[in-house]
Amino acid sequence: MDFLLAISPIVLILLGMTIFSRSGFLMSVLAWIFTFLLALVFFKTPFDVCLSATIFGILKSLSISLAVFFTMLLIFIMKATKALDSIAYKLKNLCKTKEEQVMFLGLGFGSLATSLGVVTPALFPPLLLTLGFSPVSSIAISVLCYDPLTSFALLSIPITVPSEVAWQAFKIQPQGITNLEHFINTFTIDISIFLPFISVGFAYIMLYFIDGINSLKRGFISALLSGLVLGFSCLTFSITKIFPVQIIGTLSGLLTMIFVLIYQRITNVQNPIEEKGKPNMSLLRATSPWILLFFFALVTNLPGTSKFLSDLPGKYEVITLYKNQSVDLNILSSIWFWIMITTIISIFLLRPTNEQLSSTIKLWLKRSFSPFVAYSVCFSIAMIMAWSAMSNSSGVLVPGAYYSSFNMDRIIAIKIAMLSGTVFTTLIPYLGLIGSFIGGSETASNVFFAKILYESVKSVGYDSYFMIIFGAHAVAGGIASAITPAKITNAAMTIGCSGKEESEFMKKAILPVIILTFLTGIILTVFISLGIK
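At position 320 of the sequence shown the residue is numbered 1383 (my numbering), and the sequence of numbers has no breaks.
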């Protein structure tokens, strides 16, 4: 009973979006209210802890919710000034079919953009719509292209931050791991080893959302090869350590884009589009906001620069809720701040008319509210679950008297840990799926469940395999991004769609996500049987 109640927020969201065709925004808000009351009434959590968890979640979500907020304004300006028309025209010349466009834009460029911290569900839907994709396809591809390399998003924060927390705060020191750098390198490899399989899987799912089985037939080989290039390049860079983990995803995405262009030129006869109807804006000017944003993302995330920017405001950007729980906003080093700067500069680069700018801002304010709230409350749900059965002891957040039996995350993990053998290794990735689905972030899932996962792994005698199990957990968290309510709402609102389109996508995506997670568990089981750690 306690397990069913612990996962009930997930069930509520899924039922609302699939059965009743409600939007991710509405179901996220309802799930937050439900989780708040559930923690308060059943899971023995004081009201002040539930409230603090909500605030903490909102603050932690700002790096993503504000990035979405300003990315939507940027993409709306690009649409109003016809910059997207110019980019779409060039893409149609580069890649003639929708299948090729999805491999280039979705799998390749999407992975590159995600790795730099750009939120593709806010960036891509209007462009895909301009290219001639249906609303549901535009939502699907823009959400799915965030997933193949989610672990390498935001210049690999989903890898580095959980590693630091696990090693330093949780004191997780698996067998054979000697220091934090060793932990990060091993974690990176143990994530990348799954990616050749998972990247190909996502490539096929993207094709399916274009024209079903017909697109799968037309793009089968292209998707297979493109997915392998993306996955194996990540694995190669991880093993060889030629490049730092922060830029592996960016380089792999770029290599995939190059491969798609070469492959389609070898296999297809090129028929240039007629000049009639060619947009007036040059491609360089049209893409200048993206070029500028990618430059800012790379420069500001260089280790020295990032630390300098993070430390600059000092204590003035640190918000403390408990003595042992605070949020450092890191405003100057956060990608949302540089998206905002890029958007302001883009007004002068793209030069929208006063009328265009006015109508764009009105549209932006109308459509950005829902995804902003959805991201915020999803993080809050995750924090309430993580802090359930905890209490305030003289200003310090500590486990309460009932923590061991009533913490929601702990209940979920323990029930899964009660399984054994191949059943355990096959199903344990679903813990990552649950964590990321609720929290809306693989990073949050990796952090929240690291210690519980470690305890679960030790309890079933798989201590020496913790790192590869943690890698599978992270991969499953990335897969979950495909059905995260906040991302779906984000993509839908960017092109003005309703809960109907969100529901249609969720219904089609949930089974492939479950299958990919199961595949991750099967691969994990095989790796462990072969002694791969």
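C-beta: ideal position from N, C-alpha, C; glycine also.
Could you check what DSSP says for residue i in three-state terms: helix, strand or coil?
i, result
"Val-1181", "coil"
"Ser-1451", "coil"
"Ser-1504", "coil"
"Asn-1248", "helix"
"Pro-1211", "coil"
"Pro-1237", "coil"
"Pro-1109", "coil"
"Met-1080", "helix"
"Leu-1144", "Inspection of the sequence shows that residue 1144 is occupied by Thr rather than by Leu. Coil."
"Gly-1559", "coil"
"Ile-1070", "coil"
"Arg-1085", "coil"
"Ser-1091", "helix"
"Ile-1595", "coil"
"Ile-1256", "coil"
"Gly-1195", "coil"
"Met-1569", "helix"
"Leu-1075", "helix"
"Phe-1187", "coil"
Ignore the nearest five residues each way along the sequence and tell me which others in residue i's own chain have a CB closer than 7 Å to its CB.
i, result
"Leu-1129", "Trp-1399"
"Leu-1154", "Gln-1164, Leu-1168, Leu-1194"
"Val-1292", "Leu-1318, Thr-1319, Phe-1322"
"Ile-1586", "Phe-1257, Phe-1260"
"Cys-1047", "No answer is possible for residue 1047: the residues shown for the chain start at 1064 and end at 1596."
"Gln-1327", "Cys-1158, Glu-1163"
"Phe-1295", "Pro-1259"
Expressed to the nearest angstrom, what Euclidean distance is found between the alpha-carbon atoms of residue i and residue j?
i, j, result
"Ser-1468", "Asp-1065", "9 Å"
"Gly-1239", "Asp-1472", "28 Å"
"Ala-1146", "Ala-1349", "4 Å"
"Asn-1343", "Phe-1435", "34 Å"
"Met-1135", "Trp-1427", "7 Å"
"Ile-1497", "His-1536", "10 Å"
"Ser-1504", "Ser-1439", "11 Å"
"Ile-1577", "Gly-1562", "22 Å"
"Gln-1236", "Trp-1230", "6 Å"
"Ser-1301", "Cys-1158", "30 Å"
"Leu-1582", "Ile-1276", "21 Å"
"Pro-1189", "Ile-1558", "6 Å"
"Thr-1506", "Ile-1410", "33 Å"
"Pro-1198", "Asp-1111", "42 Å"
"Leu-1494", "Ser-1519", "11 Å"
"Tyr-1525", "Ile-1477", "15 Å"
"Ser-1219", "Ser-1178", "7 Å"
"Leu-1122", "Leu-1395", "15 Å"
"Ile-1140", "Ser-1351", "12 Å"
"Glu-1418", "Thr-1303", "53 Å"
Which residue or residues does DSSP assign as beta-bridge partners of residue i?
i, result
"Gln-1388", "Tyr-1385"
"Pro-1462", "Met-1453"
Using a Cβ-Cβ cut-off of 8 Å (strictly less than) and excluding sequence neighbours within five positions of residue i, which residues of its own chain qualify?
i, result
"Leu-1191", "Leu-1168, Ser-1200, Ser-1201, Ile-1204, Ser-1205"
"Met-1090", "Leu-1075, Ile-1076, Gly-1079, Met-1080, Pro-1548"
"Asn-1393", "Ser-1126, Leu-1372, Ser-1373, Glu-1380"
"Ile-1444", "Pro-1072, Ser-1091, Ala-1094, Trp-1095, Thr-1098, Gly-1120, Ile-1501, Gly-1502"
"Ser-1389", "Val-1381, Ile-1382, Thr-1383"
"Tyr-1385", "Ser-1115, Asn-1455, Gly-1458, Val-1459, Leu-1460"
For residue i, which residues of its own chain have a beta-carbon under 6 Å away from its beta-carbon, when the five flanking residues on both sides are left out?
i, result
"Gly-1264", "Leu-1579"
"Tyr-1209", "Thr-1177, Thr-1183, Ser-1544"
May I ask you to check if the CB of residue i is nearer than 6 Å to at least one heavy atom of the ligand FAD?
i, result
"Leu-1168", "Absence of the ligand FAD is noted for the structure shown, with no ligands found whatsoever."
Quick one: which unbroken alpha helix (DSSP H) runs of 4-plus residues sit fully inside the stretch 1274 to 1351? Chain order, please.
DSSP runs (the alpha helix (DSSP H)) wholly in the stretch 1274 to 1351: 1311 to 1330.
What residue ranges within the stretch 1480 to 1556 form continuous alpha helix (DSSP H) runs of no fewer than 4 residues, ordered along the chain?
Complete alpha helix (DSSP H) runs here, min 4: 1484 to 1490, 1492 to 1502, 1505 to 1522, 1529 to 1543.
Beta strand (DSSP E) runs contained entirely in the stretch 1368 to 1450, provided each spans 3 or more residues:
1381 to 1385, 1388 to 1391
Uninterrupted alpha helix (DSSP H) stretches inside the stretch 1148 to 1176 (no shorter than 4 residues):
1161 to 1164
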